[in-house]
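Colleague:
Numbering (the numbering used here), first residue to last: 1007 to 1064.
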């Protein structure tokens, strides 16, 4: 059995299984099965509840 024959059989089996070289089918199926990772929340600037009084607030 030669490597060329084995490679041809592998390619034929992949085509029959609906595989493609672009990976588009894999990506589509993967996204349908695996939920997306949650995005990390960005740090928000903490604002103090108490406001400093300035000269105009007198």
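Don't be surprised by glycine CBs; every beta carbon is placed ideally from N, CA and C. Note that the structure is a prediction, hence the values are computed from the model and not measured.
1. For a test of the three-state rule: what should DSSP assign to residue 1009, helix, strand or coil?
2. Taking only three categories from DSSP, how would you classify residue 1017?
3. In whole angstroms, what separates the C-alpha of residue 1034 from that of residue 1012?
Modeller: For this structure:
1. helix
2. helix
3. 29 Å
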